[in-house]
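Residue numbers (the numbering used here), protein chains in the order written: chain A, 791 to 1165; chain B, 33 to 358.
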Amino acid sequence: MTSAETPIVRFLEPDGSFAPSPEAEPLREIVDELDDAALAQMYRDMAVTRAFDQQATMLQRQGQLALWPPSLGQEAAQVGSARAARSQDTIFPSYREHAVAKIRGVDLVSVLALMRSATHGGWDPTDPKNGNTRLYTLVLGTQVPHATGFAMGLGFDGRTATGDVEKDEAVIVYYGDGAASEGDVHEAMVFAASYNTPQLFFLQNNQWAISVPVATQAAAPLADRSAGYGIPTLRIDGNDVLASYAASRMYLDESRAGGGPRAIEAVTYRMGAHTTSDDPTKYRSKDEEASWGRRDPIARMRAFLENRGAGSEFFADVDQEGEALAADVRTRIAAWPDPDPSSMFAHVYSEPHALVEQQAAWLAEYEASFEGGAA
Amino acid sequence: MTFETMPFARAMNAGLRRAMEDDSRVMLMGEDIGKLGGVFRVTEHLQRDFGENRVLDTPLAEAGIVGSAIGLAMAGFRPVVEIQFDGFVFPAFDQITTQLAKLTNRHEGSIRMPVVIRIPYGGHIGAIEHHQESPEAYFAHTPGLRVVSPSTPNDAYWMIQDAIASDDPVIFMEPKSRYWQKGEVDTEHRAATLHATRVIRGGSDVTLVGHGAMVSVLLQAASIAEGEGISCEVVDLRSLSPIDYDPIVDSVRSTGRMVWAQEAPGTTSLGGEIAATVAERAFYSLEAPVLRVTGFDVPFPPAKLESFYLPDADRVLEAVDRVLAF
Chain A
791 MTSAETPIVR FLEPDGSFAP SPEAEPLREI VDELDDAALA QMYRDMAVTR
841 AFDQQATMLQ RQGQLALWPP SLGQEAAQVG SARAARSQDT IFPSYREHAV
891 AKIRGVDLVS VLALMRSATH GGWDPTDPKN GNTRLYTLVL GTQVPHATGF
941 AMGLGFDGRT ATGDVEKDEA VIVYYGDGAA SEGDVHEAMV FAASYNTPQL
991 FFLQNNQWAI SVPVATQAAA PLADRSAGYG IPTLRIDGND VLASYAASRM
1041 YLDESRAGGG PRAIEAVTYR MGAHTTSDDP TKYRSKDEEA SWGRRDPIAR
1091 MRAFLENRGA GSEFFADVDQ EGEALAADVR TRIAAWPDPD PSSMFAHVYS
1141 EPHALVEQQA AWLAEYEASF EGGAA
Chain B
33 MTFETMPFAR AMNAGLRRAM EDDSRVMLMG EDIGKLGGVF RVTEHLQRDF
83 GENRVLDTPL AEAGIVGSAI GLAMAGFRPV VEIQFDGFVF PAFDQITTQL
133 AKLTNRHEGS IRMPVVIRIP YGGHIGAIEH HQESPEAYFA HTPGLRVVSP
183 STPNDAYWMI QDAIASDDPV IFMEPKSRYW QKGEVDTEHR AATLHATRVI
233 RGGSDVTLVG HGAMVSVLLQ AASIAEGEGI SCEVVDLRSL SPIDYDPIVD
283 SVRSTGRMVW AQEAPGTTSL GGEIAATVAE RAFYSLEAPV LRVTGFDVPF
333 PPAKLESFYL PDADRVLEAV DRVLAF
């Protein structure tokens, strides 16, 4: 079976019409429970994140950021899964999950600070206001076994599978089609299956690992891999926010109930560059980009909402929120202070470390020696 | 009775047991460490006594073991990982160096990484390829890690407990050739803190420094030298990162000569770092350059050749003769 033939969960056609695929029918109840406000919120999440993301790309062009990995095109996969997560859940992102970070409460200027290389982190995952969002991870796939270990701990501590859906915890870990080739991802799946972890492996297959197509990463559908480890897996239309929501909701709740790990392959498309450092025109065709442009996740949801009666006032309000967020982060990141040199020594170790302390003291003294001097 | 005589591996086992009794968040992970008790029996009976949720016979995947240990630490556990043999740590090298070592720094202190990686290391056991190596310098080179190596049962007993109690990641290098060596363990009082270097034999002519299995080689060399009228002071490094230089420098200031010994190849190794620092700090006391006795810069050879590769007392004494003749 080729990728194109693999059954896929889809509720919304690219034109926004509601037409559940056969694979979506078992999940239909989850979508039917979403009211207008919830549906509107998903659109808002996607559109506002896109405004932020496009602003961030411009900020990189203007020299404010060292690098920017755009989420452009992947908003539905991210928003649906993040809205499906419950407040007690823990999120292990890769480095492009800007919509997820926003939904979980992370101040997006922190993500800009990371990509400005003013910090290696940006926020405190243990602070409740950040919605249990762990830090971005830049070495591909390394966060996946962390998520599995964390989920193992939830099991050992009885923080899951008690039967209380509002309290039982689960974990989502995000990774991509490139990272899917990393050994860490596979080892994490071996552990997850063996220890029956409350965990959703959420793969955003955006078709490209920088310049290398998914066909080089996988000769068979990526969804077959997790299934091969004994992990129930769904392949979804990653540009359909309802499919992402419904599949993630069902799988997270099955997993938190003690069902063990689950996996989703969200078939989506990286409409922008991998990061601001590459040039997609060198490796992919205009036709391909145009084809995926017609499957834009935001246009699709907008058409769906318009068909349900959403008016121009709503969309104007969303646009305004996006513009306000973009303006806010633009102002704040431009004024972002460089970290104090002493900060590089501050948290290398948790406990006292004479060598690092000596080097910190030396640098401080050395720098002080220039004050008012020739240098 | 606070003193018990036991082999090194048994002392490790007793130290692990005590750490698990003292803190219910301590858990062990590794290949064959449960039912079998580890290939060196260091964890024998611990799964029986603490259960399968605290002593995990993991899948055979080192990156997965260390990666999931990191996640468990994020969930509030204190995992102690056993890497079965030195040469098998490399699949986990990325998780150790890019993740474990840097996570506290990346989080600007909002999380801690109390993970211990136990690595049985070194030669002298006649084993096949990848089973006799000394990879400690890779880890000592990595900011964010602490690296220690006990040389006696007493240190094994205490240092493993102190490593587990540390809120920083600790690479715990166990000289596997010493596992069967018996020694006295004081189960009530620790002799030194985790990162203290110790002078274990007094002397006045030459300072001999090393860690792990090399310490017994240095002691053997010192007693042979004594018969020849040469007085050697022996220093057990114990902590490879950070390095507690004061006892070494004090010793060299009194003897004026130093020989370092290690099993690992010499290039870009601990010996070079220590020799350079001693030269900086004790330059005017040195009567001779610091000499290093190391493994050769070749892959660890087939065990039938290990006696030619590993520094022994004769090679240490050859270096002692050279620093004295300088």
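All residues carry an ideal CB built from backbone N, CA and C; glycine is no exception.
For P185(B), the closest C-alpha among the options K214(B), K134(B), A133(B) is that of K214(B). Excluding its 5 nearest sequence neighbours in each direction, R230(B) has C-beta neighbours in its own chain below 8 Å: A223, A224, V267, D268, R270, P279, listed in chain order. For the 8 Å CB-CB criterion, I115(B) and A124(B) form a contact.
Bridge pairing for Q994(A): G966(A), A1056(A) [DSSP]. Residue environment for S907(A): exposed (fewer than 16 other C-beta atoms within 10 angstroms of its C-beta).
Short of 6 Å from the beta carbon of I262(B), and not among the five residues preceding or following it, lie these beta carbons of its own chain, in chain order: D237. Spatial neighbours of P201(B) in its own chain (CB-CB distance under 6 Å, excluding positions within 5 residues in sequence) are listed in chain order as L132, M145, V147, L177.
Its chain contains V896, D897, S900, N920, T923, L925 as the residues whose beta carbon lies nearer than 8 Å to that of W913(A), once the 5 sequence neighbours on both sides are disregarded; these appear in chain order. A straight line joining the alpha-carbon of D344(B) with that of S100(B) spans about 39 Å. Membership of K1076(A) in the alpha helix (DSSP H) is indicated by the continuous run 1076-1083. Residue contact with chain A for H162(B): absent (no Cβ-Cβ distance below 8 Å to any residue of chain A). Under the Cβ criterion of 8 Å, E887(A) is not counted among the residues facing chain B.
For Y1059(A), no CB of chain B lies under 8 Å from its own CB, so it is not counted at the interface with that chain. Taken in chain order, the complete alpha helix (DSSP H) segments of 4 or more residues contained in the region 116-181 of chain B are 135-138, 168-172. The three-state secondary structure of W292(B), taken from DSSP, is strand. In the three-state reduction of the DSSP assignment, S271(B) falls in the strand class. Bridge partners of F1094(A) according to DSSP: none are assigned. Only buried fits H243(B), as 16 or more other CB atoms lie within 10 angstroms of its CB. Residue pairing for Q989(A): DSSP places it in a beta bridge opposite V961(A). Here the region 1047-1058 of chain A makes no contact with the region 887-894 of chain A; the two share fewer than three CB pairs at distances below 8 Å. As DSSP reads the structure, R886(A) sits in no beta bridge. Shown here for Y1035(A): same chain residues with a beta carbon closer than 6 Å to its own, the five before and five after excluded, namely G870, R873, A874 in chain order. The beta carbon of G1062(A) sits closer than 6 Å to the beta carbons of P860, L862 from its chain, once the five residues preceding and following it are set aside; these are given in chain order. F981(A) sits away from P1022(A), with the two beta carbons spaced by 8 Å or more. Listed along chain B, the residues sitting closer than 8 Å to D914(A) by beta-carbon distance are H139, E140, S142. Nearest Cα to S255(B) within the set Y277(B), I232(B), D276(B): I232(B). For G1020(A), no chain B residue has a Cβ inside 9 Å of its Cβ, as the nearest lies near 13 Å away. Against chain B, the CB of A1117(A) has no partner CB under 8 Å away; the residue lies outside that interface. In the three-state reduction of the DSSP assignment, G1101(A) falls in the coil class. DSSP, read as helix, strand or coil, puts L342(B) in coil.
Secondary structure note for E206(B): its beta strand (DSSP E) is the uninterrupted segment 202-207. The alpha helix (DSSP H) runs lying completely inside the region 899-956 of chain A and spanning 4 residues or more are 933-946, given in chain order. Scanning A1089(A), H1137(A), I1123(A), W1152(A) for the CA closest to the CA of L904(A) turns up I1123(A). With the criterion set as a beta carbon lying under 8 Å from some beta carbon of chain B, the members of the region 939-959 of chain A are G939, F940, A941, M942, G943, L944, F946, D947, in sequence order. DSSP lists V1002(A) as the beta-bridge partner residues of A999(A).
By the criterion of a C-beta distance shorter than 6 Å, G298(B) is surrounded in its chain by R324, T326, once the five residues flanking it on both sides are discounted.
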